[in-house]
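K.L.:
I have a structure I would like to understand better, so I am pasting it below and will then ask my questions one at a time.
Residue numbers (my numbering): 46 to 1051.
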């Protein structure tokens, strides 16, 4: 404690002593408040001097900013310091404010724990400490204060399970929020004691088990708002909700609840929001739900509901948001859907719905987003729908027929996404589309339009994606297609386009995918394509293009994939860029491209034949030499001929040698890269929605705990002294987000500017990763985005990486024990199982290795860098070239050799190698002067010879053979060459838990 704090505490104690002695000369009541607040202020860091008006010389604090007093007593009744950027500890001075009713310190950066002494403020009714960096255990004395009515501790770093007696005396509590922390374990059974609760928010924690609904939550009869979303709850939800007659908001999303939904939820007459999304609920919707006439928000997204689509949906006349997507609903949509007059958002994608899209849907006049993707709807699109002010329409992957409705100016004025792909639509691309000033994503692919490319397509001011693949489009490519300059993806494959590729294609300055394959295009490849500096993929195969490939294309540094096969091209390939490493499949089927990979003639477009003998058409110097009958006229001619021949022979030899060297060195990496490209094309450009650009300098913090200091100048934190690591995806820095006593965080500066092109897509992907909440994952807490700089803010692991513990250990540092190694194996398996089995589609890590396993203060593992590949452009050169190099030995064989089809089994392979590395202490590949040791093969041979324990790391001391041996064998199963032979990560977790079980219990299990 500093001298000033000591003095203030001394004065505070002295004032109290005088009060006990009855000294009437001191205005005790006022000084208690002044001194209490001054002591509290002395523990704070106030960078903006908001509390400068707090002066210890004042007799009363009632004139101070952010302070309110009771006008009758003159005592402090309210302290509100929300969002002032304060940091430091919650000192003891506030205990002197014995008449304080409201204390609100939210959206600051207070750290440390909460003192149980807060309970001594016996008058306190409202306590708001949300959005700070408080940690440790939550004192139960705070929850059980007899005066407390409102308690908000959300968005902090509280952890550990709550004791079962946590709520033993919470009768007065009306509002409780513990959301956005790291609380774990089951809910205390004493929760039922909080009989006055009307709001309970426990979302975004790690609570697990099956909550006691029947005798616990459902007994809170005054409850109006219940939010248990994004935890790890499981099991069924029993009946009993009908007792909650006041319930207005019920959110159970993002758990593992299963079984049938309780029928009596439909008996809550005031329910306005119901979110059951991202669970494992099954069966049909209860008929009782038709009575929920007050519902405005209804989401069943990503469950396993079945049965017919509810015909009573029209009864829910107040609905504004409806999401039944990714279930198994069947049947047709009822015409009564027109009764949903307030409906703004409707998503029924990825079900098994059929029949016509009801024409009555046009009466839903407030609709903004409608998604029917991935069903079996047939018939035509109701014309009236295209008269509404819709912003997004996704009818893709259905069986719709007829023509595209013309649409009104109102429709095309508001529309930003239109996806009608993979239907059987016909007719022209309507001229009205030229009215689309806000349209950014247009996908009409895989239809039977039998239309030309209307010139109106060039009028789009903001179009970034145009996909017309396989839609029976004919005619020529409009020259003004890129007039706006914003087009990023142009896919016209599989049509009947004729004529030349317009020279104006060079105006598409934002283009990074140009795909014109499988058409009837002719003429040369325009040189203007070399102006497309952002271009990554160029697909021109199966056309009738002729002439030589412009050498200027070799200057396209970002170009990662080119296919010009099956045209009529001749001549040399460009010498720069990707062209020297193109494989045969990208070049074959042309008339005469000069490449050692191709058989057949090499044809050059030259105007005259190549003359080897310079005197074939006479000696150019003949008129300037004296005629001498005795001179040997053949001498100089013979000398010149040999020189030219020698030059040609040497050039040919050099050409052949260089070709062999280039091809030998580049063949493997080129094939890997191009295979990766082919696979990535399917996923990279299948987004069905593109929305507006995010503002530059956008900071998003999921827990809003950072200090304003770094927000204004983030690059000031990224200095070399703070750097703690570097990998494929970027450089990591250790920073403090709240000054000297603030919380530490890890900030990753992404390695390249080649980020997902659309900031809103980047935002969506980061938020998906941010929802991955598990004790064995590094939590992602936010990001900072500008076009030039992208930062990811995540949890800081104080104990470094497993790589450093295994291979960078100092002699003075003790090695990891077997107990710690097994804990790391099991924790990593649990984290991967969560990524694979709790998300649809699963989050795949791509690179499981010790440098991506971080350790906390207890040596518990935390997986980092999961899913980061989805934030970078998938064809980024840096990732392609470094992913295999940095993960040598961890990469599954199906990745390194052939199609690069990434699935969960690739992570299982890397995990198996990680086990071997932990058990043996050796790297996956080790080199010596005359040998290369492949760890996987080495261990497999020893196991087959019965010498498995010979490979165990001798530095870790004693270990139980009954655990080490089965763990080694599990690793070999995980690293099977055949992906289907590898277990899932859920099965791996079960096996490891059995291995750790004592032998006697294991025998009982089997």
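The C-beta atom is built at its ideal place from N, Cα and C for all residues, glycine as well.
#1: Just to confirm, are residue 442 and residue 418 a CB contact at a threshold of 8 angstroms?
#2: Counting along the chain, where does the alpha helix (DSSP H) carrying residue 809 start and finish?
#3: Could you check whether the region 202 to 218 touches the region 176 to 185, counting it as contact only if at least three pairs of C-beta atoms, one from each stretch, sit closer than 8 angstroms?
#4: Beta carbon of residue 907, beta carbon of residue 837: below 8 angstroms?
#5: Just mark residue 826 as buried or exposed, buried being the case when its beta carbon has 16 or more other beta carbons within 10 Å.
#6: Quick one, are the C-beta atoms of residue 1029 and residue 890 less than 8 angstroms apart?
#7: I'd like the list of long-range same chain contacts for residue 887, defined as Cβ closer than 6 angstroms, with 5 residues on each side in sequence excluded.
#8: In angstroms, rounded to a whole number, what distance separates the CA positions of residue 869 and residue 537?
#9: Applying the criterion that 16 or more other CB atoms from any shown protein chain within 10 Å of the CB defines a buried residue, is residue 216 buried or exposed?
#10: Just reading off the alpha helix (DSSP H) that residue 99 is part of, what are its end residues?
#11: For residue 906, list the residues DSSP reports as bridge partners.
#12: Below 8 angstroms between beta carbons: does that hold for residue 979 and residue 1015?
#13: Quick check on the DSSP output: what are the complete beta strand (DSSP E) runs of length 3 or more inside the region 549 to 597, in order along the chain?
#14: Run through DSSP, which three-state label would residue 330 get?
#15: Could you work out which residue in 470, 902, 1023 is closest to residue 954 when comparing CA atoms only?
#16: Here's a check: name, in chain order, each residue in its chain whose Cβ is nearer than 6 angstroms to the Cβ of residue 157, leaving out the five neighbours to either side.
#17: Only counting the same chain, and skipping five residues up and downstream in sequence, which positions put a Cβ closer than 7 angstroms to that of residue 842?
#18: Taking 8 angstroms as the cut-off, decide whether the C-beta atoms of residue 1034 and residue 878 are in contact.
#19: Give me whichever residues DSSP pairs with residue 972 in a beta bridge.
#20: Could you check where the beta strand (DSSP E) with residue 794 kicks off and where it finishes?
#21: Helix, strand or coil: which one does DSSP assign to residue 1032?
#22: Report all residues from its chain with a CB closer than 8 angstroms to the CB of residue 746; omit the five preceding and five following residues, and keep chain order.
#23: Is the CB-CB distance between residue 372 and residue 396 below 8 angstroms?
#24: So, helix, strand or coil for residue 747, using DSSP?
#25: Since residue 596 and residue 619 should fall inside the 8 angstroms C-beta cutoff, what is the C-beta to C-beta distance between them, to a whole number of angstroms?
#26: When DSSP labels each residue in this structure, what does residue 365 get in the three-state scheme?
#27: Please classify residue 835 as buried or exposed, where buried requires at least 16 neighbouring CB atoms within 10 angstroms.
#28: Please report the residue range of the alpha helix (DSSP H) in which residue 865 lies.
#29: Per the DSSP calculation, residue 829 is bridged to which residue(s)?
#30: With 16 as the cutoff for other CB atoms within 10 Å, does residue 602 come out buried or exposed?
#31: Alpha carbon to alpha carbon, how far is residue 464 from residue 628? Give it in angstroms, no decimals.
#32: Out of 774, 805, 829, which has the shortest C-alpha to C-alpha gap to residue 744?
#33: Assuming contact is defined by CB atoms lying nearer than 8 angstroms, are residue 1053 and residue 516 in contact in what I supplied?
#34: Report the residue ranges of all beta strand (DSSP E) runs contained in full by the region 487 to 551; include only those spanning at least 3 residues, in chain order.
#35: Mapping DSSP to helix, strand and coil, what is residue 988?
#36: What does the alpha-carbon distance come out to for the pair residue 730 and residue 512?
P.N.:
Per the coordinate set shown:
#1: It is a contact, given that the beta carbons lie within the stated cut-off.
#2: 804 to 815 is the extent of the alpha helix (DSSP H) around residue 809.
#3: Result yes; three or more Cβ-Cβ pairs closer than 8 angstroms.
#4: Not closer than 8 angstroms, so no.
#5: Buried.
#6: Result no, Cβ atoms of residue 1029 and residue 890 do not sit closer than 8 angstroms.
#7: The beta carbon of residue 887 sits closer than 6 angstroms to those of 881, 949, all from its chain and outside the five residues before and after it, given in chain order.
#8: Whole-angstrom Cα-Cα distance: 50 angstroms.
#9: Exposed.
#10: Counting along the chain, residue 99 falls outside any alpha helix (DSSP H), and DSSP gives it neither H nor E.
#11: In the DSSP assignment, the residues bridged to residue 906 are 900.
#12: At the C-beta level, residue 979 and residue 1015 stay beyond 8 angstroms of one another.
#13: Inside the region 549 to 597, DSSP marks whole beta strand (DSSP E) runs of 3 or more residues at positions 558 to 560, 582 to 584, 589 to 593, from first to last along the chain.
#14: Residue 330 falls in the coil class under three-state DSSP.
#15: Among 470, 902, 1023, the Cα nearest to that of residue 954 belongs to 1023.
#16: These residues qualify, in order along the chain: 134.
#17: 823, 899, 900, 901, 907, listed in sequence order.
#18: Yes, these two residues count as a Cβ contact at 8 angstroms.
#19: Under the DSSP definition of a beta bridge, residue 972 partners with 977.
#20: Residues 789 to 795.
#21: Per DSSP, reduced to three states, the secondary structure at residue 1032 is helical.
#22: In chain order, 826, 827, 838 place their CB closer than 8 angstroms to the CB of residue 746, counting only its own chain and leaving out the 5 sequence neighbours on each side.
#23: Yes, they are a contact pair.
#24: Coil at residue 747, not helix or strand.
#25: Taking C-beta atoms under 8 angstroms as the contact rule, residue 596 and residue 619 qualify, at a distance of about 5 angstroms.
#26: The DSSP-derived three-state label of residue 365 is coil.
#27: By the 16-neighbour rule on beta-carbons within 10 angstroms, residue 835 is buried.
#28: Boundaries of the alpha helix (DSSP H) harbouring residue 865: 863 to 882, taken from the DSSP string.
#29: Within the DSSP secondary-structure output, residue 829 pairs in a beta bridge with 744, 836.
#30: Residue 602 is classed as exposed because its beta carbon has fewer than 16 other beta carbons within 10 Å across all chains shown.
#31: Counting only the Cα atoms, residue 464 lies some 35 angstroms from residue 628.
#32: The candidate whose alpha carbon is nearest that of residue 744 is 829.
#33: The requested residue 1053 does not occur in the structure, where the chain is confined to residues 46 to 1051.
#34: Runs found: 510 to 512, 534 to 536.
#35: DSSP places residue 988 in helix when its eight states are reduced to three.
#36: Any reading at residue 730 is ruled out, since the residue's pLDDT is 33, under 50, leaving its predicted position unreliable.
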